[in-house]
Amino acid sequence: MNIFRFLGDLSHLASIFILLHKIQTTRSCRGISFRTQALYVVVFIARYLDLFFRYVSLYNSAMKLFFIASSCYILYLMKIRYRPTHDPSIDTFRVEYLLAPCLILALIFNYKFNFAEVLWSFSIWLEAVAILPQLFMLQRTGEAENITTHYLAALGAYRALYIPNWIYRYFTEGLVDPIAVTAGIVQTGLYLDFFYVYFTKVLQGQKFELPA
Amino acid sequence: SDSEAHHDEL
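The listed protein sequences derive, respectively, from chains A and B.
According to our numbering, the first sequence is numbered sequentially starting from 1.
According to our numbering, the second sequence is numbered sequentially starting from 1001.
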């Protein structure tokens, strides 16, 4: 475990606490894409099924359980508790256009052709693009609450921080994970436009607004 | 790298 990896995980944890805080304090899931959140549940369950047959560390298992539980809880909040605050008419990204290509990528690119490894690869590709329904929604509304942008920034920073972690691991352990690295670069790339507006507007005290 | 090595990441 190096500092980049650890900060990345902390950033991921922080993003979830920020999202929960946003939903609980505003008693609303306005501006949050249900489809993106549902994709994260698929991502975490697909990737962390190895909880049943592989033990890495207490840290690893605890984080996996937290990500599965919190993502399911967020779906519950959105679908049941604060259902009236969710507007499906602006959350329309077709997730099958993400699921199918990710499945194909996983069947082609994996480290071993077995169920668990294909599922792992699928989860890596799907995580890379799972934010698209959310970004699409943001693009449609053209603005976002500050707290929602902090959530997205923390979520984007998580995978961005994994990139120096992979560089570090290459030099210290000789470890290369081409699937995770490729998907991670794609994932971070999808945030670049968002980050630009976040740094030039939100962090300067302005409201997050996209140019019309 | 062997196929197990990447599974220590989240």
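Beta carbons: idealized from backbone N, C-alpha and C, even for Gly.
The structure presented is a predicted model; accordingly, all values stated were derived computationally and were not measured.
So, using beta-carbon positions, are residue i and residue j closer together than 8 Å?
i	j	result
residue 68 of chain A	residue 151 of chain A	no
residue 122 of chain A	residue 103 of chain A	yes
residue 128 of chain A	residue 187 of chain A	yes
residue 1008 of chain B	residue 60 of chain A	yes
residue 137 of chain A	residue 193 of chain A	no
residue 201 of chain A	residue 143 of chain A	no
residue 168 of chain A	residue 8 of chain A	no
residue 82 of chain A	residue 153 of chain A	no
residue 93 of chain A	residue 132 of chain A	yes
Find the residues of chain B that neighbour residue i, judging by a C-beta separation of less than 9 Å, and give them in chain order.
i	result
residue 159 of chain A	The premise fails here: residue 159 of chain A is roughly 10 Å from chain B at the closest Cβ pair, so nothing lies under 9 Å.
Let me confirm a value: residue i is counted as buried when at least 16 other C-beta atoms fall within 10 Å, else exposed. Which label applies?
i	result
residue 176 of chain A	exposed
residue 36 of chain A	buried
residue 149 of chain A	buried
residue 55 of chain A	exposed
residue 87 of chain A	exposed
residue 134 of chain A	buried
residue 33 of chain A	buried
residue 160 of chain A	buried
residue 58 of chain A	exposed
residue 124 of chain A	buried
residue 183 of chain A	buried
residue 39 of chain A	buried
Between the C-alpha atoms of residue i and residue j, what's the straight-line distance to the nearest angstrom?
i	j	result
residue 15 of chain A	residue 112 of chain A	32 Å
residue 139 of chain A	residue 46 of chain A	29 Å
residue 23 of chain A	residue 84 of chain A	13 Å
residue 12 of chain A	residue 1 of chain A	16 Å
residue 26 of chain A	residue 96 of chain A	31 Å
residue 6 of chain A	residue 126 of chain A	22 Å
residue 1001 of chain B	residue 44 of chain A	At residue 1001 of chain B the pLDDT is 42, less than 50, meaning the model places this residue with poor confidence; the figure from the coordinates comes in the next sentence. Approximately 24 Å between the Cα atoms of the pair.
Taking C-beta pairs closer than 7 Å, name the residues in chain B that residue i reaches, listed in chain order.
i	result
residue 54 of chain A	1007
residue 50 of chain A	1007
So which residues of chain B does residue i contact, with C-beta pairs closer than 8 Å?
i	result
residue 9 of chain A	1010
TODO: Taking a Cβ distance cut-off of 9 Å, strictly less, list which residues of the stretch 56–75 of chain A are near chain B, in chain order.
DONE: 56, 57, 60, 63, 64 and 67
- [ ] Taking a Cβ distance cut-off of 7 Å, strictly less, list which residues of the stretch 178–199 of chain A are near chain B, in chain order.
- [x] 180
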